[in-house]
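To start, the structure under review is shown below, and the notes come after it.
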């Protein structure tokens with residue numbers, strides 16, 4: 014693969030869906046399995062009964078430091094890096110803080 018081209022992976026190794034309520038604006042490594050991610054504000058709805066009574070507000074985004082618990086499963090220190098690695102549905106749907 015050409016390193017100057019982006020590659021799309023439809024099953025990434027981890028997800029931030031349990032860490033952030035909205036899209037992630039940035040993510041960076043802090044250590045071996047520690048990351049810091051910055052999430053956008055999340056539009057939220059307050060339900061007050063009838064459909065016409067719903068109100069919306071923006072919940073502030075958050076900066077979160079978290080550990081990727083599955084890191085060593087994909088990139089164990091005692092083995093060389095693989096050229097191709099594939100995630101599975103449970104990896105990207107169930108990442109935890």
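Residue numbers (our numbering): 14 to 110. Heads up, the beta-carbon is just placed ideally off N, CA and C, and yes, glycines get one too.
The beta strand (DSSP E) runs of length 3 or more contained entirely in the region 29-66 are, from start to end of the chain, 37-42, 47-52 and 55-59. Here the C-alpha atom of residue 50 lies approximately 31 Å from the C-alpha atom of residue 67.
Residue 85 sits in a helix when the DSSP states are folded into three classes.
In this structure the region 28-37 touches the region 50-60; the number of beta carbon pairs closer than 8 Å is three or more. With respect to residue 83, residue 27 sits close: the two C-beta atoms are nearer than 8 Å.
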